[in-house]
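Residue numbers for the sequence shown, in mature numbering (1 follows the signal peptide of the UniProt record, and there is no 0): -34 to -1, 1 to 71.
Idealized CB from N, CA, C, for every residue including glycine.
Note that the structure is a prediction, hence the values are computed from the model and not measured.
I have placed the structure first, in the form of structure tokens, so that the comments after it can refer back to it.
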Amino acid sequence: MQPAGRGIRRIAGALAAALFGAFVLASGTQPAEAACLSPREARQAVASGEAMRLSAIARRVGGDIVNAQLCEARGGLVYRLAVMRRGGRVATLVVDARSGAVLNR
């Protein structure tokens, strides 16, 4: 049997992922798969210095990252993040992958 907190976190993570997908579709941008890098391409971008490690970005966003994609946008690379904040609220953030600057709140 799982501890209650684990099940809640799993449900919250699934909900956050669904909300993030809805945000991407509602934002009028291309579907995430069309503009975002594959896991292999993302690893190469981090290795080459084009993008910061997600662990470094995580310290800047004020919550737990429950979904992340590295995408081409704004003439460079950005992380599209779903972040679980205190109280269970999910925020969708766009972060410059090179500098770590949050481009929206």
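C-beta atoms of residue i and residue j nearer than 8 Å
i           : j            : result
cysteine 37 : leucine 69   : no
valine 44   : aspartate 30 : no
glycine 55  : glutamate 16 : Just to set this straight, residue 55 is arginine in the shown sequence, not glycine. Not in contact: arginine 55 and glutamate 16 (Cβ atoms no closer than 8 Å).
alanine 39  : alanine 1    : yes
Minimum Cβ-Cβ distance from residue i to chain D less than 8 Å
i          : result
alanine 67 : The chain inventory of the structure shown lacks chain D, comprising one protein chain alone.
Top-ranked residue by Cα proximity to residue i, from the options
i          : options                       : result
alanine 57 : Ala11, Ala8 and Gly28         : Gly28
alanine 67 : Val12, Gln35, Ile23 and Arg9  : Ile23
arginine 6 : Gly53, Gln35 and Arg26        : Gln35
leucine 59 : Gly42, Met18, Gly53 and Arg26 : Arg26
Classification of residue i by the beta-carbon crowding that lies within 10 angstroms, buried from 16 upward
i             : result
methionine 46 : Note that residue 46 is arginine in the sequence shown here, rather than methionine. Arginine 46 is buried by the Cβ-count criterion.
alanine 13    : exposed
Cut-off 7 Å between Cβ atoms - residues of its own chain near residue i, not counting five sequence neighbours on either side
i         : result
serine 21 : none
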